[in-house]
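Number of protein chains: 2
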Amino acid sequence: MKKKEEYIAMIEKALSEALPPPDERPAVLSEAVRYAVGSGGKRVRPLIALGAAEASGGTAEDAVHAAAAIEILHNYTLVHDDLPAMDNDEIRRGKPTVWKKFGEANAILAGDAMIPLAFKAAAASPHNAAGVVAALAEAGVGVVRGQVEDVGGVKDASFVYEHKTADLFVAAAAMGALAAGADGDCVEKLRTFALNLGLAFQFEDDLLDGDGLFGRDETERLAAETTAKALSALDSLPGDTTLLKELSVSLLSRKE
Amino acid sequence: MKKKEEYIAMIEKALSEALPPPDERPAVLSEAVRYAVGSGGKRVRPLIALGAAEASGGTAEDAVHAAAAIEILHNYTLVHDDLPAMDNDEIRRGKPTVWKKFGEANAILAGDAMIPLAFKAAAASPHNAAGVVAALAEAGVGVVRGQVEDVGGVKDASFVYEHKTADLFVAAAAMGALAAGADGDCVEKLRTFALNLGLAFQFEDDLLDGDGLFGRDETERLAAETTAKALSALDSLPGDTTLLKELSVSLLSRKE
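Residue numbers (our numbering), protein chains in the order written: chain W, 6 to 261; chain H, 6 to 261.
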């Protein structure tokens, strides 16, 4: 395992290379896309991709394009979720949301451009690029299914959690593993890890915010159960699981 | 060359298989996506993909996934272009637009789901799937660049035409050729064909609507010039160019 800052530096570099050059016309599009992806975030999903590559016996370098891809996809979902027709949010991460800063049409279009940019990055993966793309596509559809259910006011929290949160975690792990040339068994274990990590992350989030949709006791039980499942899925993998374990611990012991 | 109806039947089948099953949850998403892609359209872009595969010495079957992919991408652009924040159109092809029928949030989300569905189809191509995906990604970003310029009111018609119209034609040809295992020289010729066909199509469209942004004489000259360039790019290709030639003639002799 490298130092955390080295992984982050790899991710920021891959992201910057995957986005339109700042001077590409029309400038407002490049600007809005770069604003949306930002810098200095926690980059949880790309770190999962890099960790999955290492856990598969490959290198973090194998998964840099996959990592950039999943982060770009994640950030487009935030841009569109914030739109007036959706959650109508004006502030994200302490700054104006993309639509608030660049206008509604440009925010829709910036998100629309980010999706193919993510796929372009995924297609540059060194192993099994078509598989990496297919895993990203599955998540791309899944997050929308979760969001349609969410904005529709249907209160099946399990469905929304699985798709809005866990699908991106699962894709990050699968993409990182596939990009490192992992076999099917290894990819499957990493999917199980990421699904449970994503759900645990969501339950912990609920507990930080209040009692959660399932009540405090049940949410605590679910958080503990999914955390245990996530960690046990990391047993018997062919590579180094240090990054994924450290990431799990830091994600699940958040205080804010 | 097959009969036109056979190509269309191949395209409709591939499209139907690439879209979410009608009973997939949430039902409104499947319904909106299937409504957006419709059926019985001219399917110009997918026909270019099939024709490019044949012109490369491959079969139309090689390019069915690429064909479905480019048609799904094209139709998502229409869904988002029609939104209130963009062109605010309520009717398309004589029917209510997706946002008018399913609501604004669902229309944004249906478009958002269509993009990864297109990439999933592209990734299933039998040859050079990563190249097919990359060509689709280039068009996916290109059409947005054209649209940002268009909604921004910047009146550089060449830029808008090249990106909003021709980029999808170019991607259709490149994807069809790559999916059939074409080499770089062949792909390049088919890109030149499709770029000029797309521009000619746009100029003819202008002439049907009025005098065009460049004035009637200049538009007529440009239409003739790009048509000639498109057709001459089809010389010396390794495969059967009949479909592409027939398609060009029918596109460029439209009366409505």
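Backbone N, C-alpha and C fix where the C-beta goes; we use that ideal spot for every residue, glycine too.
Pairing Val-33 (chain H) with Thr-102 (chain W), the inter-Cα distance amounts to about 27 Å. Along the region 106-126 of chain H, going in chain order, the ones with a CB nearer than 7 Å to a CB of chain W are Glu-109, Ala-110, Asn-111, Ile-113, Leu-114, Asp-117, Ala-118, Ile-120, Pro-121, Leu-122, Phe-124 and Lys-125. Of the residues assessed, Ser-61 (chain H) falls on the buried side of the cut-off, its CB having 16 or more other CB atoms within 10 angstroms. The beta carbon of Lys-100 (chain W) sits closer than 7 Å to no other beta carbon from its chain once the five residues preceding and following it are set aside. With respect to His-70 (chain H), Ala-129 (chain H) sits close: the two C-beta atoms are nearer than 8 Å. Residue environment for Asp-28 (chain W): exposed (fewer than 16 other C-beta atoms within 10 angstroms of its C-beta). The region 47-55 of chain W makes no contact with the region 101-115 of chain W, as fewer than three CB pairs between them are under 8 Å. Between Asp-67 (chain W) and Pro-131 (chain W), the C-beta spacing is below 8 Å. Around the beta carbon of Glu-59 (chain H), a 10 Å sphere encloses 16 or more other beta carbons of the protein chains shown; the residue is thus reported as buried.
Listed along chain W are Pro-31, Val-33, Leu-34, Asn-111 and Leu-114, each with a C-beta nearer than 7 Å to that of Val-153 (chain H).
Asn-93 (chain H) sits exposed, since fewer than 16 C-beta atoms from the chains shown fall within 10 Å of its C-beta.
In the structure shown, the three-state DSSP call for Pro-101 (chain W) is strand. Taking C-beta separations shorter than 6 Å and ignoring five residues to either side along the sequence, the partners of Asn-133 (chain W) in its chain run Leu-183, following chain order.
Taking C-beta atoms as the reference points, Ala-127 (chain H) and Val-137 (chain H) count as a pair closer than 8 Å.
Nearest in C-alpha terms to Leu-212 (chain W), of all of W:Arg-259, W:Arg-50, W:Ala-177 and W:Ala-115, is W:Arg-259. Setting aside the 5 residues that flank it on each side, Trp-104 (chain H) is surrounded in the same chain by Asp-87, Leu-88, Pro-89 and Ala-112, each with a C-beta closer than 7 Å to its C-beta; the list follows chain order. Here the region 197-216 of chain H makes contact with the region 236-249 of chain H; the two share three or more CB pairs at distances below 8 Å. For the C-beta of Val-138 (chain W), the chain H residues within less than 9 Å are, from N- to C-terminus, Phe-124, Lys-125, Ala-127, Ala-128, Ala-134, Ala-135 and Val-138.
For a Cβ distance threshold of 7 Å, nothing in chain H lies close to Ala-73 (chain W): the least Cβ distance comes to about 13 Å.
Short of 7 Å from the beta carbon of Leu-83 (chain H), and not among the five residues preceding or following it, lie these beta carbons of its own chain, in chain order: Arg-97. Residues of chain W whose Cβ lies closer than 9 Å to the Cβ of Gly-157 (chain H) are, in chain order, Pro-31, Val-33, Ala-110 and Asn-111. When 9 Å is used as the limit between beta carbons, Gly-145 (chain H) is near these residues of chain W: Asp-117, Ala-118, Ile-120, Pro-121, Leu-122, Phe-124 and Lys-125, in chain order.
A buried status is given to Glu-76 (chain H), since no fewer than 16 other beta-carbon atoms sit within 10 Å of its beta-carbon. A buried status is given to Ala-73 (chain W), since no fewer than 16 other beta-carbon atoms sit within 10 Å of its beta-carbon. A residue is called buried when at least 16 other Cβ atoms come within 10 angstroms of its Cβ; Gly-63 (chain H) meets this threshold and is buried. Each of W:Asp-245, W:Ala-135, W:Asp-210 and W:Phe-198 was checked against the Cα of Val-175 (chain W), and the nearest Cα belongs to W:Phe-198. The Cβ atoms of Phe-206 (chain W) and Leu-122 (chain W) lie no closer than 8 Å to each other. In this chain, the alpha helix (DSSP H) harbouring Gly-151 (chain W) covers 134-156. The bridge partners DSSP lists for Ile-113 (chain W) come to none. Straight across, the Cα-Cα distance linking Ser-35 (chain W) with His-85 (chain W) is about 17 Å. Within the model, the alpha-carbon separation for Ala-228 (chain W) versus Asp-222 (chain W) is close to 10 Å.
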